[in-house]
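Asker: Please read through the structure below; I'll follow up with questions.
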Amino acid sequence: MGLARVVGLLMAVLPWVAAAQGSGSATLDAVRARGSLVCGVAGNIPGFALPDSQGVMRGLDADGCRAIAAAALGDAGKVRFVSLTTTNRFTALQAGEVDVLVRDTTWTLGREAGLGLLFAGVNYYDGTAFMVKKSLGVDSAKALDGATVCVQPGTSTELAIADYFRVNKLKFSPVTIQDLQEIRGAFMAGRCDAYSTDGSQLAGYRSTLPVPEDFVILPEVISKEPLGPMVRKGDDKWFDLVRWTFAAMVAAEELGVSSANVGSFATSTNPDVRRLLGIEGDLGKQLGVAPDFVANIVKSVGNYGELWTRSIGPTGLQRGLNRLWTQGGLQYAPPLR
Amino acid sequence: MSGLLRSERVRAWVWQAVILGGLGLLIWWLAGNAARNLAARHIATGFGFLDNAAAIPIAESPISYVPSESSYGRALAVGVLNTLKASAVGIVLAMLIGTAVGIARLSPNRLASVCAASYVELLRDTPPLLQLLMWYSALQALPAARQALHAGPVVLSNRGLILPVLEWQTAHWAALAALVIVAGFIWRSAARWRWALLCVPMLVWAAMGAPFEMERPVLRGFNFVGGMTLSPEFAALVVGLVVYTSAYIAEIVRSGIQAIPKGQWEAAGALGFSRAQTLRLVILPQALRVILPPLASEFLNLTKNTTLAVAIGYQDIMSIGETTLNQTGQSIETIVLVMAFFLIVSLAISGGIGVLETRLARVGAR
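Structure representation (structure tokens):
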């Protein structure tokens, strides 16, 4: 009976003790008791969350959910996706129907102050843009005076275009339909001259059209739309876990750790890498999850760059603002230590 | 004491008090529970948001409204007016078409009755939402603004039906005032003065130079400017609801007519009334008493079904309410406002029909 055995026994017993005491986060406890994460996504936006031909949810938001599950449960597959509309998303999160909302939702002061919800980070820096038919002969948003614009109600796009047209002293007439297919149908039928939503969504939609060249995304980006995951206020430990899950994926890209090479870093001497992967330090313990939670995320889901290339890459969008800060972008992970 | 308790009236009072008290307690508990939960979830409460500027773009508004300048209160008022507009137009049209179809269904003309019967069955048996979506896509299949169909000054495209409007001037106001004054004078007076109702306002208008200029729709940029637009969203909602509800009204009218004993038809026939006269002067006035109560339900249904407008982009109170609650997060407050509005409208409709019923009952008793 050496010291090693005593330590081994303690290691085996400790998680039980921890489980009995709870993690200090009601949401994390509920996720563990259920054995799965319930994640609110759009479910109809290419590049962010859209089921593939096998019915598996694919996209940047969907993979964000998987990363949280990998951190909380050690298994990226244990996610139940709930598709939410722009109008019922906040109610679903407030009422506890979903543990986290990763649904192209713009971080604004009003939403944090008024809704009882918090943004845990930014997984995509976006901006409102317009798409028109090429045959319309319009090449600038400034030329849209008097145009009819299709927009989904309850979105920050609505707020952005109301301001944009007012500031530029232009007139427009809205057509607001909640259902995504219906609003796109109205645009296609020519009920509207322009379709407005986040630039990433326009690019994703354009790439799915039979002849994408017939449509133009106007160059103006008229608003800041930082999209990110949301959680309920009042469960700070859960907020921490979600925030640092997303930060860890950016940090992994910064350090060059990817799903393909994460194993080879086991012997790394770089202290940042050793802390990130849980080889030294206690980052996982501080968050109430496994010490190697980041290694788990990267192994099963990937780093931020991998997520981006896999989900957004096929839509033809440039990474732009979503490059790492070291490459002139805005994606910047605070130190994980 | 025991005598008091045995009294039928006292017992009835006690029961009513107990039930009312219980209901009060339940509401008090629900309100307290909601307030506690909202506080626990850090959600702001109160109606203060109604004064904040609303960045809701609204396509059609009977009152002036500027997005991101006007308040949420005003935006909701626009929604109320839009709902009232759609339901008022819808109720009148559904009533007219429903009555015509109901009568046609009983027509001895085989073609008319078969057509009316299939109209009713086809429309009653499909969900209203589906019908609205169908009408809306049908209207979208119209040509684009630049290829619009013209019929004189009237323009039809997938942006709507655009009609020329009269340019309203002082002379028109004067003529309107004259009409009101004349109507006031000849109210309840002999029929021989009725000609003045039309002639006097016309003379006033002519005396002021008889201005008559139409504002015609002109294609400018993306769309037509000027004139009055009947939007595809409004048209799809009204047509969809009218067609759907009129099928039910037709059945109500038919059952009302069939409830009148056959002897009435025969008696009227014996007096030399034609079929149309019998229907108009003998049958329908009596059938109305049977028709009114279920008709009130149909009016209520049509009014409440206007909330389906969300699906086709007509901005009614529900659509604007949903956007408001989404932008402000004040779900309970907004839903309470929308529910209060529908409650008031519904009570007004059933109250109005109730008044009609009592008046008819008095006429019938005479």
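If you read the sequences in order, they're chains Z and L. Following this note's numbering, the residues of the first sequence are numbered contiguously, the last one being 571. Following this note's numbering, the residues of the second sequence are numbered contiguously, the last one being 509. The C-beta atom is built at its ideal place from N, Cα and C for all residues, glycine as well. Keep in mind that this is a model prediction, so the values were computed, not measured.
Give the interface partners of threonine 466/L over in chain Z, defined as CB-CB distance under 8 angstroms, in chain order.
Answerer: Looking up residue 466/L in the second sequence gives position 323. Those are Thr321, Pro387, Gly388, Glu392 and Thr410, listed as they occur along chain Z.
Asker: With serine 441/Z as the anchor, note down where its beta strand (DSSP E) starts and where it stops.
Answerer: Numbered from its first residue, the first sequence carries residue 441/Z at position 207. It is not in any beta strand (DSSP E) - serine 441/Z instead sits in the alpha helix (DSSP H) that spans 433–442.
Asker: Is there a C-beta anywhere in chain L that falls below 8 angstroms from the one on glutamate 212/Z?
Answerer: This structure does not reach residue 212/Z, given that chain Z is present from 235 up to 571, and the question cannot be answered.
Asker: How far does the beta strand (DSSP E) with glycine 303/L in it extend, from its first residue to its last?
Answerer: On the second sequence, residue 303/L is found 160 positions in, with the first residue counted as 1. Start and end: 303–306.
Asker: Between the Cα of valine 372/Z and the Cα atoms of Asn537/Z, Asp448/Z and Val476/Z, which residue gives the shortest distance?
Answerer: Within the first sequence, residue 372/Z is the residue found at index 138, counting from 1. Cα-wise, what sits closest to valine 372/Z is Asp448/Z.
Asker: Mind pulling the chain L residues with CB within less than 7 angstroms of glycine 348/Z?
Answerer: Residue 348/Z sits at position 114 when you count from the first residue of the first sequence. Going along chain L in sequence order, the residues near glycine 348/Z (Cβ under 7 angstroms) are Ala187, Thr471 and Gly472.
Asker: Taking 7 angstroms as the line, does the beta carbon of phenylalanine 473/Z fall inside it for any heavy atom of the ligand FAD?
Answerer: Of the ligands one can find in the structure shown there are none, so the ligand FAD has no counterpart to examine.
Asker: Using a C-beta cutoff of 8 angstroms, does aspartate 373/Z count as contacting chain L?
Answerer: Taking the first sequence and counting its residues from 1, one reaches residue 373/Z at position 139. Taking Cβ atoms only, chain L never reaches closer than 8 angstroms to aspartate 373/Z, which makes this a no.
Asker: How many Å lie between isoleucine 475/L and glutamine 520/Z at the Cα?
Answerer: Locating residue 475/L in the second sequence gives position 332, where the first residue counts as 1. Locating residue 520/Z in the first sequence gives position 286, where the first residue counts as 1. When rounded, the distance between both Cα atoms is 38 angstroms.
Asker: Which of the residues in the segment 344–368 of chain L, read from start to end, lie with their CB under 8 angstroms from any CB of chain Z?
Answerer: Those residues of the segment 344–368 of chain L that come within reach of chain Z (Cβ to Cβ, closer than 8 angstroms) are Arg363, Gly364, Phe365, Asn366 and Val368.
Asker: If we ignore side chains and look at the alpha-carbon of each, how far apart do glycine 217/Z and leucine 349/Z end up?
Answerer: Chain Z is shown from 235 up to 571; residue 217/Z falls before or after that span and cannot be answered.
Asker: Grouping DSSP H, G and I as helix and E and B as strand, with all else coil, what is glutamate 454/Z?
Answerer: Translated into the one-based positions of the first sequence, residue 454/Z becomes position 220. Residue state, collapsed to three classes: coil.
Asker: Thinking C-beta only, is glycine 383/L closer than 8 angstroms to proline 271/L?
Answerer: On the second sequence, position 128 is the one that residue 271/L refers to. On the second sequence, position 240 is the one that residue 383/L refers to. Contact: yes.
Asker: I need the boundaries of the beta strand (DSSP E) containing phenylalanine 364/Z, first residue and last residue.
Answerer: Working through the first sequence from its first residue, we reach residue 364/Z at position 130. 362–367 is the extent of the beta strand (DSSP E) around phenylalanine 364/Z.
Asker: Who are the near neighbours of glycine 456/L in its chain, counting only those whose CB is closer than 7 angstroms to its CB and skipping five residues on each side?
Answerer: Translated into the one-based positions of the second sequence, residue 456/L becomes position 313. So the list reads Glu376, once near-sequence residues are dropped.
Asker: For the beta strand (DSSP E) that contains proline 460/Z, what are its first and last residues?
Answerer: Here residue 460/Z corresponds to residue number 226 of the first sequence, with the count starting at 1. It spans 459–461 - the beta strand (DSSP E) in which proline 460/Z sits, taken as one unbroken run.
Asker: Drop a sphere of 10 angstroms on the beta-carbon of glutamine 290/L, count the other beta-carbons inside from all chains shown, and report buried for 16 or more, exposed for fewer.
Answerer: Reading the second sequence from its first residue, position 147 is the one you call residue 290/L. The residue in question, glutamine 290/L, is exposed, as its Cβ has fewer than 16 Cβ neighbours within 10 Å.
Asker: Per DSSP, cysteine 299/Z forms a beta bridge with which residues?
Answerer: Locating residue 299/Z in the first sequence gives position 65, counting from the first residue. DSSP output for cysteine 299/Z lists no bridge partner at all.
Asker: Taking beta-carbon pairs under 8 angstroms, can you tell me which members of the segment 439–457 of chain L lie near chain Z?
Answerer: Against chain Z - using a Cβ distance shorter than 8 angstroms - the residues of the segment 439–457 of chain L are Val453, Ala454, Ile455 and Gly456.
Asker: Here's the rule: buried if 16 or more other CB atoms are within 10 angstroms of the residue's CB, otherwise exposed. What is glutamine 412/Z?
Answerer: On the first sequence, residue 412/Z is found 178 positions in, with the first residue counted as 1. Buried, since its Cβ has 16 or more Cβ neighbours within 10 Å.
Asker: Around the Cβ of isoleucine 150/L, are there at least 16 other Cβ atoms within 10 angstroms (buried) or fewer (exposed)?
Answerer: Translated into the one-based positions of the second sequence, residue 150/L becomes position 7. The sequence given here places serine at residue 150/L; isoleucine does not occur at that position. Exposed, because fewer than 16 other Cβ atoms sit within 10 Å of the Cβ of serine 150/L.
Asker: For alanine 491/L, does the count of other Cβ atoms within 10 angstroms reach 16, so buried, or fall short, so exposed?
Answerer: To locate residue 491/L, count along the second sequence from 1; it is residue 348. Classification of alanine 491/L: exposed, given that the 10 Å Cβ count is below 16.
Asker: Anything in chain Z within Cβ reach of isoleucine 199/L, meaning under 7 angstroms, just list it in chain order.
Answerer: Within the second sequence, the letter at position 56 stands for residue 199/L. Residues of chain Z passing the Cβ test: Glu392.
Asker: Quick one: residues in its chain with C-beta nearer than 6 angstroms to the C-beta of leucine 555/Z, no 5 flanking neighbours on either side, listed in chain order?
Answerer: Position 321 of the first sequence, counted from the start, is the residue given in the question as residue 555/Z. Once the five neighbours on either side are set aside, the close Cβ partners of leucine 555/Z are Tyr359, Gly563 and Leu564.
Asker: Could you check which residue in Gly424/Z, Cys426/Z, Pro453/Z and Arg425/Z has the C-alpha nearest to that of alanine 437/Z?
Answerer: On the first sequence, residue 437/Z is found 203 positions in, with the first residue counted as 1. Ranking Gly424/Z, Cys426/Z, Pro453/Z and Arg425/Z by Cα distance to alanine 437/Z puts Pro453/Z first.
Asker: Checking the sheet assignment: what are the DSSP bridge partners for methionine 291/Z?
Answerer: Position 57 of the first sequence holds residue 291/Z. Its beta-bridge partners are Pro285/Z.
Asker: Please state the DSSP three-state secondary structure of arginine 553/Z.
Answerer: One-based indexing of the first sequence puts residue 553/Z at position 319. Arginine 553/Z: coil per DSSP, three-state reduction.
Asker: Contact criterion: CB-CB distance below 8 angstroms. Does glutamine 552/Z meet it with respect to chain L?
Answerer: Mapped onto the first sequence, residue 552/Z falls at position 318. It does not: the Cβ of glutamine 552/Z has no partner Cβ on chain L nearer than 8 angstroms.
Asker: Note down, in chain order, each residue of its chain lying with its Cβ closer than 6 angstroms to the Cβ of alanine 524/Z, except the 5 sequence neighbours on either side.
Answerer: As a working mapping, residue 524/Z is identified with position 290 in the first sequence. So the qualifying residues of the chain are Gly308 and Gly518.
Asker: Anything in chain Z within Cβ reach of alanine 287/L, meaning under 8 angstroms, just list it in chain order.
Answerer: One-based indexing of the second sequence puts residue 287/L at position 144. In chain order: Gly424.
Asker: Could you give the DSSP three-state label for arginine 363/L: helix, strand or coil?
Answerer: One-based indexing of the second sequence puts residue 363/L at position 220. Arginine 363/L: strand per DSSP, three-state reduction.
Asker: Threshold first: 4 residues or longer. Then list the alpha helix (DSSP H) segments lying entirely within the segment 432–506 of chain L, N to C.
Answerer: Runs found: 460–471.
Asker: Would you report the Cα separation of alanine 276/Z and arginine 292/Z, rounded to the nearest angstrom?
Answerer: The residue you call residue 276/Z lines up with position 42 of the first sequence. The residue you call residue 292/Z lines up with position 58 of the first sequence. Going from the Cα of alanine 276/Z to the Cα of arginine 292/Z covers about 11 angstroms.
Asker: What runs of the alpha helix (DSSP H), each 4 residues or longer, lie entirely inside the segment 282–330 of chain L?
Answerer: You should have 313–329.
Asker: Can you list, in chain order, the residues of its chain with a C-beta nearer than 8 angstroms to that of serine 453/L? Leave out the 5 residues immediately preceding and following it.
Answerer: What you label residue 453/L is simply residue 310 of the second sequence in a count that begins at 1. Serine is not the amino acid found at residue 453/L; the sequence shown has valine there. So the list reads Asp459, Met461, Ser462 and Glu465, once near-sequence residues are dropped.
Asker: Going along the chain, which residues of its own chain have a beta-carbon closer than 7 angstroms to the beta-carbon of threonine 261/Z, five neighbours each way excluded?
Answerer: As a first step, residue 261/Z must be located in the first sequence, where it is residue number 27. Within the same chain, threonine 261/Z has close Cβ partners Asp333, Asp469 and Trp472.
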